[in-house]
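Read the structure below first, then the notes.
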Amino acid sequence: MWPAQARATLHGVCIGLRVANPDHMGPLLAHMPHGAEPAPAQRVDRMYSVAMPNRDQPIYDLVAGSRRKAQRFDDLERLARAFAADARHFVALHAQHRVFIHAGVVAFGDRAVVIPGRTMTGKTTLVAELLGNGATYYSDEYAVIDESGWVHPFAKALSIRTTPDQLQTLVDVATLGIRSGAEPLRIAAVLSTRFVSGTPWRPEPLSAGHVALCLLDNAVAARSRFAEVSRVISAALDDRVRAWHGPRGEARQVARWMLDQLSSPSA
Amino acid sequence: MNRTTENECPKARSHDLFVQELDGELLVFDEAAARAHCLNSTAARVWRYCDGDTTVAEMTARLGAEVGASLGADVVLVALSELGDRNLLEQPVPTLDPRALSRRQVLTSLGATATAGMLMPTITSLAAPTSAAAQSGTSNGGTSGTSGTSNGGTSGTSGTSGTSGTSNGGTSGFSG
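This is how it looks when you write it as C-alpha cells:
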C-alpha cells in the first residue's frame, strides 16, 4: 500500500514516515528533527503519511498521527516544513529524559546563553546576531535540557522570517561558517526579551526564581509532565545564572551588550 | 489584628509540592495544580514558620528579629493571605479579613524606603502552559495573579495577569 516507509528515533521518540511516491522520501527525510537516527525496527509513536490524491496534479496530503483529516498542500516543500514542525513538536512533547524549552541557545566558550520565548518574539534574529559576534550555535527553537540540567544542541537550520507573513527561510549555519555546538553545557545567562521596534535596550535583572517561571512558561511539556519539567528546570539553575529581561529594539545592540556582560569580571 | 487571629497557628501544605531555594527566593512547584510559585524572601520565611504550632504573633516577632526591623502583624497576615489564596496552607487562616489587608497600607506602614518594598511579601505565580501555548505565541491564560511589589517580571513571556500592588519590574509578563 505504501511503497516507501522509514522510521527515525530521537530522545526515545520514534517518528514514522510513509509516502505514496518513493521519490518524495529523500526530501522529506531531510526534514526529520535534528539528530534523529534511523530506527527500522522500533515501534512508531507518530506516523506521518504523505499521499497524492491525484497523480496528475501536484497536490499533496499530509496525515499526522491518528488525525483523520489531511492537511493539503500544493507544494512539497511546504508540506515538508509542516511535517518537520509537527515532528519536532511531537518529539519536544514526548522526549524521554529531556525537557524542551521554547528558546534560542548559543554558547560563548562553555557558557550557554538561553533566550526563552515563543514564536514571533524575535529570538532567531537575536540568535543570528550573537552568532555573528562569535557565538557557537546550539538552537534557534528549543533549549533541550537533560535531567541534570545540562543544555544539549538542537541545531536545526536557522529559520529566518523577514516579514511577519512570510514563510521562514531555512539557513544551514554551516554554510555561513558558523560553528555548531556538540557538548552539553550549563546555563550561564538567560535573556527574556521580545522585539519592540524602536525600543532602547534597558534590561533589568531577573531573579533566579523568576527565571525558573520564565522557563516553565516556555516548556513544551509543562502541563503534561509538570513534575519532571519542574525538576529539570531546578537542576538547570543555580545562583550563578545571570538573567535579564526587557523589550529590545535592534538585536545588534543587545548582542554587543551581552558580550560585555559575559566578559565582565563578575561573569 | 484581633486576638483570635493572633493565636492562629497556620500550617504549610507539604503534599504534592516540590520546593527549591534559589538565591533567597523559594520556588514552590505545586504538582497537583500544575502551578509554580516564586516566593520572595519574606513570603518564604512566613511560609516556613507555618508549622502548625507557631502563632501569628510569634511569627511576627520572629520575622522582625530575622530581618532586623520592627514589623506589624499585617506583614505576616498579608503573606498568609497570599499563601492561602494559592493553596499553600493546609487550611486558609479563617479569621483573616481580606478587606482589612490593604497591601498599600502595609507598604506605607513599612516606610517609604527601598527596604520596605523588599520586606513586603510577594508571590509570583504561573500556571503551566499547554503544549500548544508554549509552542505558539498565545497566552496560557491561566495564571494568577500576583500581588505586591516585585523586582522580577519578565518580558516576552505571556500568560500572567492580575497584578495588584506596585511593581519595580518594568515591563512584565510575570509581575509581582
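Keeping their order, the protein sequence lines are chains A and B.
Here my numbering is used: the first residue of the first sequence is 1, the next is one more, and so on.
Here my numbering is used: the first residue of the second sequence is 1001, the next is one more, and so on.
Each residue gets a CB set at the ideal place from its N, CA and C atoms; glycine is no exception.
All values reported here derive from a predicted model rather than from experimental measurement.
Assign Asn54 of chain A to buried or exposed, taking buried as 16 or more other Cβ atoms, counted over all protein chains shown, within 10 Å of its Cβ.
-> Here residue 54 of chain A corresponds to residue number 54 of the first sequence, with the count starting at 1. Per the 10 Å Cβ criterion, exposed.
Reduced DSSP secondary structure (H/G/I, E/B, other) of Gly35 of chain A | Sequence index remark: in the first sequence, residue 35 of chain A carries index 35 (1-based). It is coil, neither helix nor strand.
Inter-residue Cα distance where the pair is Thr125 of chain A and Val229 of chain A | Numbered from 1 along the first sequence, position 125 holds the residue referred to as residue 125 of chain A. Numbered from 1 along the first sequence, position 229 holds the residue referred to as residue 229 of chain A. Each residue's alpha carbon lies about 27 angstroms from the other.
Mind reading off the beta-carbon distance from Ala1034 of chain B to Arg223 of chain A? Whole number of angstroms is fine, and I expect it under 8 angstroms.
-> Indexing the second sequence from 1 puts residue 1034 of chain B at position 34. Indexing the first sequence from 1 puts residue 223 of chain A at position 223. Your pair Ala1034 of chain B and Arg223 of chain A checks out as a contact, with CB atoms roughly 6 angstroms apart and the cut at 8 angstroms.
Tell me, which residues are paired with Val1067 of chain B by DSSP?
-> Numbered from its first residue, the second sequence carries residue 1067 of chain B at position 67. Beta-bridge annotation (DSSP): Val1067 of chain B is not paired with any residue.
Examine chain A for any beta-carbon lying closer than 8 angstroms to the beta-carbon of Cys1038 of chain B, and answer yes or no.
-> Here residue 1038 of chain B refers to the residue found at position 38 when the second sequence is read from its first residue. Output row for Cys1038 of chain B: interface = yes.
Straight-line Cα distance separating Ala1069 of chain B from Ser197 of chain A = Taking the first sequence and counting its residues from 1, one reaches residue 197 of chain A at position 197. Taking the second sequence and counting its residues from 1, one reaches residue 1069 of chain B at position 69. Taking the straight line from one Cα to the other gives about 45 angstroms.
Alpha carbon to alpha carbon, how far is Ala1079 of chain B from Thr1130 of chain B?
-> The sequence position of residue 1079 of chain B within the second sequence is 79, counting from 1. The sequence position of residue 1130 of chain B within the second sequence is 130, counting from 1. Cα-Cα distance, rounded: 29 angstroms.
Might you give, ordered along the chain, the residues of its own chain that have their beta carbon closer than 7 angstroms to the beta carbon of Ala95 of chain A, omitting 5 neighbours on each side?
-> Residue mapping note: residue 95 of chain A aligns to position 95 of the first sequence, counting from 1. Only His11, Gly12 and Val13 meet the Cβ criterion.
Look at Leu1026 of chain B and Val1075 of chain B and say whether their C-beta atoms are less than 8 angstroms apart.
-> As a first step, residue 1026 of chain B must be located in the second sequence, where it is residue number 26. As a first step, residue 1075 of chain B must be located in the second sequence, where it is residue number 75. Annotated as distal: Leu1026 of chain B and Val1075 of chain B, with beta-carbon spacing of 8 angstroms or more.
Chain-ordered chain A contacts of Glu1031 of chain B [CB-CB under 8 angstroms] = Translated into positions along the second sequence, residue 1031 of chain B becomes position 31. Within chain A, the residues near Glu1031 of chain B are Phe226, Ala227 and Ser230.
By Cβ distance, which residues of its chain are closer than 7 angstroms to Pro153 of chain A, with the 5 residues on each side in sequence left out?
-> On the first sequence, position 153 is the one that residue 153 of chain A refers to. In the same chain as Pro153 of chain A, and ignoring 5 residues on each side of it, the C-beta atoms closer than 7 angstroms to its own belong to Tyr138, Ser139, Ser180, Gly181 and Ala182, in chain order.
Between the Cα of Leu321 of chain A and those of A:Ala103, A:Val144, A:Val50 and A:Ala208, spot the shortest distance and give me the residue it belongs to.
-> The structure shown does not extend to residue 321 of chain A, since chain A is modelled only from 1 to 267, so the question has no answer here.
With 7 angstroms as the limit, tell me which residues of the stretch 201 to 224 of chain A have their beta carbon closer than that to any beta carbon of chain B; keep them in chain order.
-> The stretch 201 to 224 of chain A vs chain B, Cβ under 7 angstroms: Glu204, Leu206, Ser207, Ala208, Gly209, His210, Ala212, Leu213, Cys214, Leu216, Asp217, Asn218, Ala219, Val220, Ala221, Ala222, Arg223 and Ser224.
So is Asp1085 of chain B in contact with chain A if we call contact Cβ pairs under 8 angstroms?
-> The count along the second sequence starts at 1 and reaches residue 1085 of chain B at position 85. Contacts with chain A at 8 angstroms (Cβ-Cβ) do not include Asp1085 of chain B.
Minimum Cβ-Cβ distance from Leu130 of chain A to chain B less than 8 angstroms | On the first sequence, residue 130 of chain A is found 130 positions in, with the first residue counted as 1. Residue contact with chain B for Leu130 of chain A: absent (no Cβ-Cβ distance below 8 angstroms to any residue of chain B).
For Arg244 of chain A, the residue or residues it bridges with in DSSP | As a first step, residue 244 of chain A must be located in the first sequence, where it is residue number 244. The sequence given here has Trp at residue 244 of chain A, not Arg. Bridge partners of Trp244 of chain A: A:Leu191 and A:Pro205.
Using a Cβ cut-off of 7 angstroms, pull out every chain B residue sitting near Asp146 of chain A, in sequence order please.
-> For the purposes of this step, residue 146 of chain A is taken as residue 146 along the first sequence, with counting starting at 1. Here the premise fails: no neighbours, minimum Cβ distance about 17 angstroms.
Backbone secondary structure at Ser1041 of chain B - three-state DSSP | In the second sequence, the residue the question calls residue 1041 of chain B occupies position 41. Ser1041 of chain B: helix per DSSP, three-state reduction.
Work out the CA separation of Arg1062 of chain B and Val106 of chain A for me, nearest whole Å.
-> Here residue 106 of chain A refers to the residue found at position 106 of the first sequence. Here residue 1062 of chain B refers to the residue found at position 62 of the second sequence. Taking the straight line joining both Cα atoms gives about 45 angstroms.
Is Arg67 of chain A helix, strand or coil when you go by DSSP?
-> The sequence position of residue 67 of chain A within the first sequence is 67, counting from 1. Secondary structure at Arg67 of chain A: coil, using DSSP grouped into helix, strand and coil.
Just to confirm, are Ala1128 of chain B and Glu1082 of chain B a CB contact at a threshold of 8 angstroms?
-> Start at 1 with the first residue of the second sequence, and residue 1128 of chain B comes out as number 128. Start at 1 with the first residue of the second sequence, and residue 1082 of chain B comes out as number 82. For the 8 angstroms CB-CB criterion, Ala1128 of chain B and Glu1082 of chain B do not form a contact.
Count the other C-beta atoms from every protein chain shown that fall within 10 angstroms of the C-beta of Asn218 of chain A, then say buried if there are 16 or more, exposed otherwise.
-> As a position in the first sequence, residue 218 of chain A is number 218, starting the count at 1. The residue is buried, with at least 16 neighbouring Cβ atoms inside 10 Å.
DSSP state of His102 of chain A mapped onto helix, strand, coil | For this step, residue 102 of chain A is matched to residue 102 along the first sequence. His102 of chain A falls in the strand class under three-state DSSP.
Would a check of beta-carbon distances place Leu158 of chain A closer than 8 angstroms to chain B?
-> In the first sequence, residue 158 of chain A corresponds to position 158, counting from 1. By this cut-off, Leu158 of chain A is not an interface position.
Report all residues from its chain with a CB closer than 6 angstroms to the CB of Met32 of chain A; omit the five preceding and five following residues, and keep chain order.
-> On the first sequence, position 32 is the one that residue 32 of chain A refers to. Cβ contact annotation for Met32 of chain A (same chain, cutoff 6 angstroms, sequence separation greater than five): Ala8, in chain order.
Contact residues within the stretch 56 to 71 of chain A, judged by C-beta distance below 7 angstroms to chain B | Cβ contacts with chain B: none found.
Taking Ser234 of chain A as the query, report the chain B residues whose CB atoms sit under 9 angstroms from its CB, ordered along the chain.
-> Here residue 234 of chain A is taken as the residue at index 234 of the first sequence, counted from 1. Chain order gives the chain B residues near Ser234 of chain A as Phe1018, Gln1020, Leu1022, Leu1027 and Phe1029, where near means a beta carbon separation below 9 angstroms.
Cα-Cα separation between Trp2 of chain A and Glu141 of chain A, rounded to whole angstroms | The residue labelled residue 2 of chain A in the question sits at position 2 within the first sequence. The residue labelled residue 141 of chain A in the question sits at position 141 within the first sequence. Their Cα atoms are separated by approximately 32 angstroms.
Hey, would you say Met258 of chain A sits closer than 8 angstroms to Leu130 of chain A, going by beta carbons?
-> Position 258 of the first sequence, counted from the first residue, corresponds to residue 258 of chain A. Position 130 of the first sequence, counted from the first residue, corresponds to residue 130 of chain A. Against a cut-off of 8 angstroms, the Cβ pair of Leu130 of chain A and Met258 of chain A comes out as a contact.
Should Asp86 of chain A be flagged as near chain B, meaning a C-beta pair shorter than 8 angstroms?
-> Stepping through the first sequence from its first residue, residue 86 of chain A is reached at position 86. So, not an interface residue.
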